[in-house]
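If you read the sequence shown in the UniProt record's numbering, its first letter stands for residue 1, the second for the next number, and so on.
Worksheet: one structure, shown below.
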Amino acid sequence: ARVWGSDTYKLDLGPSGSVRIIYWALEPTDEGERWSDIKKGLVSGNQAVFVTLNGQRHHVETTSFLRDAANLTYSSEHVIVQVDCDGFSKEAKKRLLPSTRERLIEGELKDLLLGEIGRYLRQDRNILRFEEERRKKFLSVRSAKDTTRIRKLVARFISENPDLRDLIQGQGGAPEEGEKVTREPKDQEDESAEEV
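So this is what it looks like as structure tokens:
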């Protein structure tokens, strides 16, 4: 995988202080690579948003947060976000970050923080462009798979239908436009073949 784009910005949360949001948009170097295998080397499972204090992780949001809160339908698996809370006031740190570092403390500050992260990512031009590129690649791959599947179905249908196969294979001697073609019923064709 390679970093498609990355950015850092400061998010001011008023009297609570500020956080720094850093994101990385990753894309496979080979579209045939299994994305889950690539991501294993970077993060565990479907983790996507990491809230840190002094470099230590205190909370994790999954890819569903990016899909739902940031509307990243096609790129949620390909974006990793760090929310650095070092700029929070002491009071905000106490209200948001427990000493156990398991998860954020429920409350207004958590809701405000996660809401602002989602809002920013929904409006970031680079993320929006990346989302559009991932959408196009997804639809292109899906279209190619659908085309292959349809071709296989048609080929199987033709091979299982002798009349259709004969009609398609006999196209070289096809009648001119407007010319009437008479075909003998199947039983009569068999009898005339036996007479010869």
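We put the CB at the ideal spot given by N, CA and C, even for glycine.
Checklist entry - Does the region 117 to 134 come close enough to the region 71 to 87 to have 3 or more Cβ pairs within less than 8 Å? => result The answer is yes - the region 71 to 87 touches the region 117 to 134, with three or more Cβ pairs under 8 Å.
Checklist entry - Can the beta-carbon of arginine 57 be found closer than 8 Å to that of arginine 101? => result yes
Next on the checklist: Which residues does DSSP list as the beta-bridge partners of isoleucine 22?
Outcome noted: Thr8 and Gln82
Checklist entry - Is it true that the CB of threonine 62 sits closer than 8 Å to the CB of glutamine 47? => result yes
Item to check | Touch test, the region 78 to 98 against the region 15 to 22, Cβ-Cβ under 8 Å, three pairs minimum | outcome: yes
Next on the checklist: I believe phenylalanine 65 touches valine 49 by the beta-carbon criterion, under 8 Å. Please report the beta-carbon distance rounded to the nearest angstrom.
Outcome noted: 6 Å
Next on the checklist: Using the three-state DSSP reduction, which class does glutamate 108 fall into: helix, strand or coil?
Outcome noted: helix
Item to check | Terminal residues of the beta strand (DSSP E) in which leucine 53 lies | outcome: Taken as a continuous stretch (DSSP letters only), the beta strand (DSSP E) holding leucine 53 covers 47 to 53.
Next on the checklist: Give me the residue from Asp111, Ala92 and Lys39 with the minimum Cα distance to glutamate 77.
Outcome noted: Lys39
Next on the checklist: Buried or exposed for serine 140, going by 16 or more other Cβ atoms inside 10 Å?
Outcome noted: exposed
Item to check | Beta-bridge pairing of valine 3 - partner residues as DSSP gives them | outcome: Leu26
Checklist entry - Helix, strand or coil: which one does DSSP assign to glycine 17? => result strand
Checklist entry - The beta strand (DSSP E) spanning arginine 57 covers which residue range? => result Annotation for arginine 57: the continuous beta strand (DSSP E) segment containing it runs 56 to 62.
Next on the checklist: Let's see if you can read the secondary structure: which residues bound the alpha helix (DSSP H) around alanine 92?
Outcome noted: 90 to 96
Item to check | 8 Å Cβ cutoff met for glutamate 116 and leucine 11 | outcome: Against a cut-off of 8 Å, the Cβ pair of leucine 11 and glutamate 116 comes out as a contact.
Next on the checklist: DSSP three-state label for glutamate 102, please.
Outcome noted: Note: glutamate 102 maps to coil in three-state DSSP.
Item to check | Beta-carbon contacts of threonine 29 that lie in its chain and below 8 Å, excluding the five residues immediately before and after | outcome: Counting only Cβ-Cβ distances below 8 Å, and skipping sequence neighbours, we find Ala1 and Arg2.
Next on the checklist: I'd like to know whether the C-beta atoms of asparagine 161 and glycine 5 end up nearer to each other than 8 Å.
Outcome noted: no
Checklist entry - Could you give the residue range of the alpha helix (DSSP H) that holds leucine 164? => result 162 to 169
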